[in-house]
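Chains as they are written, first to last, in UniProt numbering: chain S, 1 to 204; chain H, 1 to 204.
Here a beta-carbon is modelled for each residue, glycine too, at the ideal position from N, C-alpha and C.
Small disclaimer: the values here were computed from a predicted structure and weren't measured.
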DNA sequence: GCCAATCTAGCACGCTCGTATTAATACGTC
DNA sequence: GACGTATTAATACGAGCGTGCTAGATTGGC
C-alpha cells in the first residue's frame, strides 16, 4: 500500500484552512476552490477527505469548538476557582489573532445556525457545554467559599455567558468602538461583583 | 406621466421582503430571485428601485435599524426612567415574531459586517446609537435619582448592552436551551441590581 | 386618442458554484 | 521491478447567481 496518510490529521488541516477563510472572507467567502487554495491542495483531493461541502463545514465548526475547549481545559492550572473563571473569560474574548479567528468562526456559525436546521442542534450543544463550564465554575467557587452561598448559579451562569458573548460580538463587529481592554475590565469586573452582589437581592 | 409610484415606499416594501427572507433562509438564502418572489414582483422591476444587490441589502439593514429605533422611541411613554429602560429591554429581546425577525436580521448583518468592509461602519454605527440609548437612559435615571449617583455610566451602559446582545444571540441560536422568559427575567434583574450594586465596588 | 414618461417583465450573458468522473501519480509489498 | 492500492489532480457538467438590455404595458396630460 502507498502513502498511508493520517486521515484525521489531514481533515483537521483542511478544517483549519476553512477557519482562516471564514475569518478573512466570512462564511459567504467559503468555496471549495478558495479553501483548496488556502490549504494548498487541489479541490479534487479535498473531496477525498470530505465528500460534501456541508461535511467540511460541520467538521470545521467542531474543530473550532474543540480548540476552544482545549484552551479552556488549559486554564485549570489556576490555583483558585475564581482565578480559573477569570482565565476562562480571557480565553473566550478575542484578545489575540487566534482567539479573534475563533470568535469570528463562532459568530458566523451561530448566525447561520439560526436558519440552518443541520447546524441548529450543534449551536445548542455549544451553548450547553459553555453554560456547563460557567455554572460549574461558579458552583465550585461557591463550594470553595470564594463566592457567596446564596448565589443563583443558573441565573449567574447564564448572565456571565450572555455578557461575554455580547462582548465578543461587539469586539468583532465594532472593534473601534469598544476596546478590548475595556471589554476585559468589564467582564472581570462583573465577575468580581458576584462576590458581593447576592447580599442585597431585590424583592421583585 | 403614468403611474407615479412612491419610490421610497416601494423600496421599504422590498426591504421588508428581504428581511423576511433573511429570517427564513438566512443571509445565504437571499438571492434577487427569491426576494422578488417573496415581494411578489419580478426581478426586473426590482432593479428599477435598486440597481445592485448590495444596495438592496444595505437599505434593508437600515430599514431594520429604523424599525427598531422607532419602537424604542415608542417606549418613551413610560413614566419613570427605569420604566423606560425596562421597556427598551423588552423591545430588543426577540419576544414575538417581529422582534425575532429583527434580531435574526441584526445577527446576520453583524456577522457579515465582521468581514465586509462596506458593512463594518454601519455595524459600528448601530452599536454606537444603541450605546447612546443605554448610557443616556442610565444617565437620566441617575439624574432623576432612580439610580445611585456614583454609577459608572459608560461601564454599565456597555455591560447592559453586551448582556442584552448576548441574550439575543442565545435566544435565536439556542432557543430550546434558554427560554425567553428566563432571558427577560435575567435582563430585568440585572437592571434592578444597578440600584444597589454601586455601593460596594471592588477595590480591584 | 395619442404621446411620452413611468413602470414592469423577461431573457441572455458571463461567471462561479458544488459535485461527479476519470486519468495520473506515488509507494509499500511481493 | 511489477503490481495494486492509496492518493492527487484535472476536467466537465448542470444549476444558480447578479446584472445588462430591451420590449411591452400602464397612465396622466394635451
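Would residue 138(H) and residue 130(H) qualify as a contact pair, given that the criterion is a beta-carbon distance under 9 Å?
Residue numbering aside, residue 138(H) sits at position 138 when the second chain is read from its first letter. Residue numbering aside, residue 130(H) sits at position 130 when the second chain is read from its first letter. No, these two residues do not count as a Cβ contact at 9 Å.
Just verifying my parser: in three-state terms, what is the DSSP assignment at residue 71(H)?
As a working note, residue 71(H) is residue 71 in the second chain. Three-state DSSP puts residue 71(H) in a helix.
For a contact meaning CB atoms closer than 9 Å, what does residue 107(H) contact in chain S?
To locate residue 107(H), count along the second chain from 1; it is residue 107. Ordered by position in chain S, the residues that pass the 9 Å Cβ test against residue 107(H) are 107, 110, 111, 114, 169.
Under DSSP, the alpha helix (DSSP H) around residue 166(H) begins and ends at which residues?
For the purposes of this step, residue 166(H) is identified with residue 166 of the second chain, where counting begins at 1. Where residue 166(H) is concerned, the enclosing alpha helix (DSSP H) stretches over 153-173.
Using 8 Å as the cut-off, can you tell me whether the stretch 161-178 of chain H makes contact with the stretch 111-123 of chain H, which would need three or more C-beta pairs spanning the two stretches below that distance?
no
Beta-carbon proximity list for residue 97(H), same chain, < 8 Å, skipping 5 on both sides
Indexing the second chain from 1 puts residue 97(H) at position 97. Cβ neighbours of residue 97(H) beyond the five flanking positions: none.
Using beta carbons (cut-off 9 Å, strictly below), is residue 200(H) in contact with chain S?
Translated into positions along the second chain, residue 200(H) becomes position 200. Here residue 200(H) scores only 48 on pLDDT, less than 50, and its place in the model is too uncertain to base an answer on.
Tell me, please, whether the CB atom of residue 174(H) is closer than 9 Å to any CB atom in chain S?
Counting from 1 along the second chain, the entry for residue 174(H) is found at position 174. For residue 174(H), the answer is yes, since a Cβ of chain S falls inside 9 Å of its Cβ.
Rounded C-alpha distance that separates residue 157(S) from residue 8(S):
Walking along the first chain from the start, residue 157(S) turns up at place 157. Walking along the first chain from the start, residue 8(S) turns up at place 8. Between residue 157(S) and residue 8(S), the C-alpha separation is close to 34 Å.
Interface residues of chain H around residue 164(S) at Cβ under 9 Å?
Counting from 1 along the first chain, the entry for residue 164(S) is found at position 164. Those within 9 Å of residue 164(S) in chain H are 162, 166.
Excluding the five sequence neighbours on either side, which residues of its own chain have a C-beta within less than 7 Å of the C-beta of residue 208(S), listed in chain order?
This structure does not reach residue 208(S), given that chain S is present from 1 up to 204, and the question cannot be answered.
Between the stretch 17-42 of chain H and chain S, which residues of the former have a C-beta closer than 9 Å to a C-beta of the latter?
22, 23, 24, 25, 26, 27, 28, 29
What does the Cβ neighbour count give for residue 6(S), buried or exposed, with the cut at 16 atoms within 10 Å?
Looking up residue 6(S) in the first chain gives position 6. Result: exposed.
Pick out whichever of 148(H), 143(H), 135(H), 87(H) has its Cα sitting closest to the Cα of residue 159(H).
Along the second chain, one-based indexing puts residue 159(H) at 159. The option with the nearest alpha carbon to residue 159(H) is 135(H).
When the cut-off is 9 Å and only beta carbons count, does residue 126(H) lie next to chain S?
Numbered from its first residue, the second chain carries residue 126(H) at position 126. Cβ-Cβ to chain S under 9 Å: yes for residue 126(H).
How long is the line joining the alpha carbons of residue 27(H) and residue 12(S), rounded to whole angstroms?
By one-based count along the second chain, residue 27(H) stands at place 27. By one-based count along the first chain, residue 12(S) stands at place 12. Taking the straight line from one Cα to the other gives about 27 Å.
Residue 184(H) and residue 101(H) - do their beta-carbons sit closer together than 9 Å?
By 1-based counting over the second chain, the position of residue 101(H) is 101. By 1-based counting over the second chain, the position of residue 184(H) is 184. Their beta carbons are not under 9 Å apart, which means residue 101(H) does not touch residue 184(H) by this criterion.
Kindly say whether residue 123(H), judged by its beta-carbon, lies nearer than 9 Å to any beta-carbon of chain S.
Walking along the second chain from the start, residue 123(H) turns up at place 123. Closer than 9 Å to some Cβ of chain S, the Cβ of residue 123(H) qualifies, so yes.
Assigned exposure category for residue 31(S) - 16 Cβ within 10 Å defines buried:
Stepping through the first chain from its first residue, residue 31(S) is reached at position 31. Under this definition residue 31(S) is an exposed residue.
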